[in-house]
Structures are given as C-alpha cells and as structure tokens.
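Right under this line is the structure:
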C-alpha cells in the first residue's frame, strides 16, 4: 500500500530576528490510508510546524514531502492552495467558523474555491450530506452563536469533510471543549476513521491521543517515539461511563427532591 | 470563486457593520452629490449665458464708437461718439456680407405716464433693429422708415416698462408716455427677452426712431453704436473685416494707427462670456472632487480596519484553498460596492440639491446624463483605487499567521 503522507528527512529552519530557528530537524514519517495518528509533544517541540507542512500551509526548507503521490515541496503558493482545497480538510482548535453565517454556508465555504466550479445546488447538497454525517442535519440554518461548542466543532468537521479530502488534519480539536464534548468529538473522529478516512491530529493530551491508533511524540524537532496505541479507548464506551459517573454525582441531589 | 458569491460575501460583510458602512459611504455620497450639484450649476450658468447670447439675434455684429482693444468686452457702450449716420449707410452700401444695419443711440432718461415715472434707457434705432435682434412684438408693431424721416413721436416699449407703468403689455399699447416732456405714442410692445449675459434687463427699454432720439431727446449728432446683421454665419468674419475697412477709410485712419471704433461679432462676445462660465465650472468641479477624494480615503481607511479585523477569516479562507486573487477580489468588490452604492445615493442627492437650488433660489441648473454616468463610473473607480491597497494587503497575508491572529 502506498502511503498517503511520506516525509523523509524533513527540515524547517525559520529566520527570526537574525537568528536561525531549527524547528524541525530531520523527520521521516509515513502514514498510510486509513490511519488515525496523534502527533504529540510539548510546545516548541516542532509539532505545529510539522502539521503546517503536512497541511501544505508551509513549505519545508529541506527533505521531501509526498502527499498522495505529489511532491509538494516545490509547488507555488496557488498550487499549494489548490492542494489544500482538494486533499486536506482542516479542523482548528478555535473552530474558525464565520460569525453570522449559517452552519450550511460555513460548510459550503471550501466548495466556493473549488476548481472546477461547483454549482450552487450541488454545493448545498454536498454540505447537507456532510452535516448529516456529523449529526447536524436539523441545524443547517443555525449560526455559530446559536450552537454549542461541540456543535460548532461538528460544523467545522463537516466543513473539513465537504470536499472529500484524502486527509483530515485536526489541530487540538478538543482544546476548547469540556471533557464530555471532547469524547463525543473523538467518537465522531473514530466513526469517520472507521469509514476509511485518514486523520492526523495534534494534541498535547495523552487521554485524547488514546482514542487514536498511532501516537507520534515529537521532541526538539525530531520524532522521539512512534508506536501504535495499545490500550485504545473507544468513545462510546467512555461516553457511557462518563454519563453514568455524572448521574451518580447528581443522584444525591436528586434524592433530596421529593 | 464565482462573482455572485463574491458579491454576496461583500454584501454580508457590509451589512455586518451597518453604521460603519453607512458612514463610509457617506463620504462618497457627499463627494458625488457635490460634484453633480456643482457641475449642474456650472452647466446651468453656461446654458443660460448661451441662451442670452442667442437672444442678441443671429449673426449679429456690433460696432461701438471708441476703441476697446485693451479688454475683451466693452461695457461702456460707446464713449466718444465717432460713428455717424453716414458711416452706417456706407456699411450697408459698401461692406460685403451685410444684410441689415440699425443706427443706434442711447440715453439714460426718466420717463413718465400719468402719475407713474420710471428711470430707463431710451434707445434710438432704425426700423430694421427688431429684425436684426430677432425681437418680435407681443402687441402692435414697430415704427417705419417714414417715422424715421419725420422724427415721429412714436416709440416701442419693452415688457418691463409696459408692466411697470401700465400694468400689462396689452394696456400699454396706444398709450402716451412723456420722455423729457415730449409725448410719445406707444405703437408696439416687445416680447420679453429677459436678462442679457451681463445681467441687465433687456426689457427695461424704450426704443424710438434714432432721428427722434437724436433731435428730440439727446441732441446727439453722432451714433453710439451700429447693430449689424450679417447675411449668414459664413459671411460673419468677412463682414467684420469689411466693416472695419469701410470705417477706417471713412475715418481716415492710416495703417498702424488704432481704430476709433470696435467691431464685435456675436461669436466674440459668446466666447468671452462662456470662457468665464467654463472657468467657474472647472473651479466648482475641482472643489467638489476634493470631497470625493476625501471620501475615497475614508474607504481606504475603513477597508484597512476591516482587513485587520477579519485577519482570521482571511487566514481561514486561504487555508481552505482560496488563492490570493480570490481574497483580493473579495475586498475590492467590497470597496467597490460601498462606493458604487454611495455613488448612486450621491447622484440622487446631487440631483435633489440642484433641483432645490432651481426651485427655491431660481438658480439655473442643468444636469446632463453624461455627468451622471461619469459620476457613477468615477465612484466605482474611487472604490477600486482606494480599495486596492487594503485588498492587496489582505491577499498577501500568510495563512498560518493570519489564523493565529488574535
């Protein structure tokens, strides 16, 4: 099987204030279709830089990067934008939804920049389809401020899915969510992954990483460890446990009421 | 990205900050409104001057006694009397291209009828004067050649005199009027002509045979001016030269010596008068354009604020596949939308102002369709021009930095 992501001896050097910052120093990594990978590490470990390169938002200064068979290191700015549009679905920590814009229109957004152009009707159909996939079929008219954090992140995931990307890239997707909603979102990711969608996410929380299949730990610009998850958590099981726990916490107060 | 979608996005962005968009558009509204109103005033003044010049008659040449070569238009109608009745006859006889000649004298004079009196200009002319000036009668008719020979006590009055002294044009006909205690019978009342290009009321006039004016009123032996009608437009220039030639010969002026008369064609007068209004129009439009410029700077300012505020949105759009060009277009269209909408409202405002000036203050205004089209296109151009820098700034953002922007 040909890997979707193939990094070999990847380097990234920034120049800031006259000094070179070596953010990524020689990372080689290959990720196959259908994998669910968590990239972990402390801040400054180079994981964000690595994710930016994987997401084609940034270009490496050394080494090669093949995304779905395309060598993206030498592409122009506009070509990179097209690759991002076609092959990568982004899910950001802060959701990054357009305010005062309905869920449906937020999901349609990547389709506006698709080439060849997609008709307005088709855009709508595809957006409705992915909203259904993330369980928000009856919320398409809601604006972000009318949705909960979890729902907003679902809209963002739907937006990432709408152009049928090769890869979903999530940057701290649970960073702004409470624990129960985090588990729900991880459940959605697991569900999508079960349907064959490749997901790479950045997180610094070990318990969130435990929902994935493979953990890559970065340290000082290099890969410190790269191993499959042994005791993988399943979101539906964890969710049931969480709900039971919350009920138990609430029950004394329930008992007081006649 | 589709244009329709871009316009929708721009519209939504503008509606998000209604007051801000309105205030930004206000700069353009005032600018365009001022340009439209000012140019309409200029154009109105120009057309008024043109119609006043046309009221002189067709292909008219005026010969004034005395030289006025130093300034464009002579305002002192004939200082030293150097023109004679014989000069006028010679012009009609000898100069080519001359169709008719009227011998003119002028005298400011108090006139009276019954218990009314009025200070006006008494004008002596030939019977051809009314034809030369294309000036029809509302009642009665002009005097005749026989009246000239007899220095008859008949006269024609302008509309203002008729109204001031007799109440109406109709009532004036056949009445007697005393000029310097000489009773004159009114044989005709002229149609109102309005002000001339120097703002004088052309209808405030009493016109009588030049012989009557010279013998019975002023005592002048010389003419103040000769009003001449050229055969047609083509012969105007030739006639002008010929008239000067005839007069120089008759007055014995040697080559190199200055004329003791001034020959002015209607065209000369028109050019001098319209030149003034042209300068005024340009000046007004220039002042108004400054406010449009300020409006454009307002757009640039607000677009820069908008780009800063929406950095995260721009970052998102770039991240999910927008090209720099898509973002550039989005902000350009936003700026152009503000300024075009401002332009439309500004045009309405400008038209309203000029209508108001016409209606309330009796200012002549004229709005040409061309000025509306130009104002509309120009307002769009202002938006694109001043929107370009902020839009380019947005398009050049780095998606990573933009996404992280707080």
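Residue numbers (my numbering), protein chains in the order written: chain H, 28 to 285; chain V, 199 to 604.
By construction, the Cβ of each residue, glycine as well, lies at the ideal position given by its N, Cα and C atoms.
Computed from a predicted model, the values in this text were never measured in an experiment.
Item                                                                                                                            : Value
Within-8 Å CB hit, residue 272 of chain H to chain V                                                                            : no
Classification of residue 285 of chain V by the beta-carbon crowding that lies within 10 angstroms, buried from 16 upward       : buried
Minimum C-alpha distance to residue 384 of chain V - residue among V/341, V/419, V/408                                          : V/341
Endpoints, alpha helix (DSSP H) assigned at residue 175 of chain H                                                              : Per DSSP, residue 175 of chain H belongs to no alpha helix (DSSP H) and is neither H nor E.
Short-range partners of chain H found in the segment 209-241 of chain V, where Cβ spacing is below 8 Å                          : 210, 214
Environment of residue 419 of chain V [buried if 16+ CB atoms lie within 10 Å]                                                  : exposed
Beta strand (DSSP E) segment containing residue 414 of chain V, residue limits                                                  : That residue, residue 414 of chain V, is in no beta strand (DSSP E); it is neither H nor E in DSSP.
Residues that residue 125 of chain H contacts on chain V, provided the C-beta gap is smaller than 8 Å                           : 511, 514
N- and C-terminal bounds of the alpha helix (DSSP H) containing residue 449 of chain V                                          : 434-449
Rounded C-alpha distance that separates residue 480 of chain V from residue 304 of chain V                                      : 37 Å
Cβ-heavy atom distance, residue 514 of chain V to the ligand COA, below 7 Å                                                     : The model depicted lacks the ligand COA and carries no ligand whatsoever.
Alpha carbon of residue 271 of chain V to alpha carbon of residue 398 of chain V, nearest angstrom                              : Only weak support is given to the placement of residue 271 of chain V: the predicted model assigns it a pLDDT of 48, under 50, and the question is left unresolved by the model.
Pairwise C-alpha distance: residue 81 of chain H and residue 47 of chain H                                                      : 21 Å
For residue 118 of chain H and residue 98 of chain H, the rounded distance between their alpha carbons                          : 23 Å
CA-to-CA distance, residue 231 of chain V to residue 551 of chain V, given in whole angstroms                                   : 8 Å
Runs of beta strand (DSSP E) wholly within the segment 220-281 of chain H (minimum 3 residues, chain order)                     : 225-229, 241-246, 249-255
Neighbour flag for residue 251 of chain H against chain V, beta carbons, 8 Å                                                    : no
Contact belief for residue 378 of chain V with residue 436 of chain V at Cβ below 8 Å, rounded distance in angstroms            : That pair is no contact at about 41 Å.
Beta-carbon proximity of residue 38 of chain H to residue 90 of chain H, cut-off 8 Å                                            : yes
Simplified DSSP assignment, three categories, for residue 102 of chain H                                                        : coil
For residue 375 of chain V, the nearest candidate out of V/538, V/457, V/556, V/318 (CA to CA)                                  : V/318
Own chain partners of residue 227 of chain V with C-beta closer than 7 Å, once the 5 adjacent residues on each side are dropped : 540, 543, 544, 547
Euclidean distance between Cα positions of residue 346 of chain V and residue 406 of chain V                                    : 9 Å
Proximal residues of chain H, C-beta to C-beta of residue 517 of chain V below 7 Å                                              : 84, 111, 117
First and last residue of the uninterrupted beta strand (DSSP E) at residue 155 of chain H                                      : Element bounds for residue 155 of chain H: not the beta strand (DSSP E) but the alpha helix (DSSP H), 147-160.
Sequence ranges, alpha helix (DSSP H) only - wholly within the segment 272-325 of chain V, length at least 4                    : 283-292
Amino acids of chain H, ordered along the chain, whose beta-carbon sits closer than 7 Å to that of residue 521 of chain V       : 105, 108
Status (buried if at least 16 other CB within 10 Å, exposed otherwise) for residue 506 of chain V                               : exposed
Contact set between residue 203 of chain V and chain H, taken where Cβ atoms lie within less than 7 Å                           : 139
DSSP three-state assignment for residue 47 of chain H, whether helix, strand or coil                                            : strand
Residue interval of the beta strand (DSSP E) (run including residue 461 of chain V)                                             : 459-463
Integer Cβ distance of residue 394 of chain V from residue 253 of chain V, believed to fall under 8 Å                           : 7 Å
Residue-chain proximity (residue 597 of chain V, chain H), Cβ-Cβ < 8 Å                                                          : yes
Residue 203 of chain H at chain V interface by Cβ criterion, 8 Å                                                                : no
Per-residue burial, residue 137 of chain H [other beta carbons within 10 Å of its own, 16 or more giving buried]                : buried
Integer-rounded CB distance, given that residue 601 of chain V should sit under 8 Å from residue 123 of chain H                 : 7 Å
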